[in-house]
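Undergrad:
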Amino acid sequence: MRLLLFDIDGTLIASGGAGRDAIADAFSDEFGLAGLDGVQIDGRTDTGIFEDALRLAGVDPTPAAIDRMTEAYIARLPEALRTHKGRVLEGVVDLLDALDGAGAVVGLATGNVARGAELKLRHYGIWDRFVGGGFGDVSSDRDRVLAAAVEELARVGGVEPSAASPVVIGDTPRDVSAGHAVGARVLAVATGNYDEAALRESGADFVLPDLRDTQAALEILLG
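Heads up: the sequence shown begins at 853 in this note's numbering, then just goes up one per residue.
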């Protein structure tokens, strides 16, 4: 059973900075933290970002503090999505259309917390294209998020995870390393902040400039 695990930001959508700004506004309002300078964002889980930002604000990143920041972020995200110029990336809808009925289990493997992922993808009209996955609520460790995604999609597909054939689709070296950590092949797309050379250097099994060439993507994902 082929399991397809899509990252969200930089792979499926570009939110125009809505997510980052919603996080920054939440930390400013809750803890008076001015900006997220010094906090690595690309390829990170929301939980990991919250932990780093809490430390930057001088706050112990306890589960209660993480929950507080998650709620504050989720409360601000819908307005941020409305006021930022985001979009579904080129080729994504055509690829999802082509995968419909192709026999693969199509899901998510994202650092976004589950409610954030749903808000983003519902905003852009593609949430219902995915049957489940792994989300940033699971852990600050992206490897564990990917492992959870494989387990969930294997369950949906009715197979044991060890018998599944997962492919991760992402846009950062962290997607590549996490995918390989769970035994997946990785299609890296240069639609985020890393170019094709950097993604090849990171060890991606396949690299495309974007997802506009539906046939090329299908051959990688289903071949």
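Heads up, the beta-carbon is just placed ideally off N, CA and C, and yes, glycines get one too.
Can you list, in chain order, the residues of its chain whose CB lies under 6 Å from that of VAL940, leaving out five sequence neighbours each side?
TA: ILE865, TYR976
Undergrad: Cβ of LEU855 within 7 Å of Cβ of VAL957?
TA: Going by C-beta atoms, LEU855 is nearer than 7 Å to VAL957.
Undergrad: With a threshold of 6 Å on Cβ separation, who are the neighbours of ARG1037 within its own chain once the five nearest residues in sequence on each side are excluded?
TA: VAL1019, ASP1057
Undergrad: Look at the Cβ atom of PRO1025, then the Cβ atom of SER992, and state whether they are nearer than 7 Å.
TA: no
Undergrad: Please report the distance separating the alpha-carbon of ALA1042 from that of THR899.
TA: 25 Å
Undergrad: Take the Cβ of SER867 as the centre, count every other Cβ of all protein chains shown within 10 Å, and call the residue buried at 16 or more, exposed below.
TA: buried
Undergrad: Please name the residue or residues paired with ARG1037 in a DSSP beta bridge.
TA: VAL1019
Undergrad: How is the beta strand (DSSP E) around ALA961 delimited, first residue to last?
TA: 957–961
Undergrad: So, are the CB atoms of GLY986 and ALA961 less than 7 Å apart?
TA: yes
Undergrad: Just curious, the alpha helix (DSSP H) that ARG854 is in, first and last residue?
TA: No alpha helix (DSSP H) contains ARG854, which is instead part of the beta strand (DSSP E) from 854–858.
Undergrad: Could you name the residues of the same chain whose beta carbon sits closer than 7 Å to that of TYR1046, not counting the 5 residues immediately before and after it, in chain order?
TA: ASP1023, THR1024, PRO1025, listed in sequence order.
Undergrad: From the DSSP output, in three-state form, read off GLY968 for me.
TA: helix
Undergrad: Could you check whether GLY963 and GLY988 sit closer than 7 Å to each other, using their CB atoms as the reference points?
TA: It is a contact, given that the beta carbons lie within the stated cut-off.
Undergrad: Below 7 Å between beta carbons: does that hold for ALA1040 and VAL1028?
TA: yes
Undergrad: Please report how far the alpha carbon of ALA932 lies from the alpha carbon of LEU1005, in whole angstroms.
TA: Taken atom to atom, the span from the alpha-carbon of ALA932 to that of LEU1005 is near 30 Å.
Undergrad: What whole-angstrom Cβ distance do ILE875 and ILE901 have, given they're in contact under 8 Å?
TA: 6 Å
Undergrad: Can you tell me whether DSSP reads ASP877 as helix, strand or coil?
TA: In the structure shown, ASP877 falls within a helical segment according to DSSP collapsed to helix, strand and coil.
Undergrad: If you count every other CB in all the chains shown that lies within 10 Å of the CB of VAL983, and 16 or more means buried, which is it?
TA: exposed
Undergrad: Considering Cα atoms alone, identify which of GLY895, GLY1009, LYS972, ASP949 is closest to ARG829.
TA: Limits of the chain in this structure are 853 at one end and 1075 at the other, which puts residue 829 out of reach.
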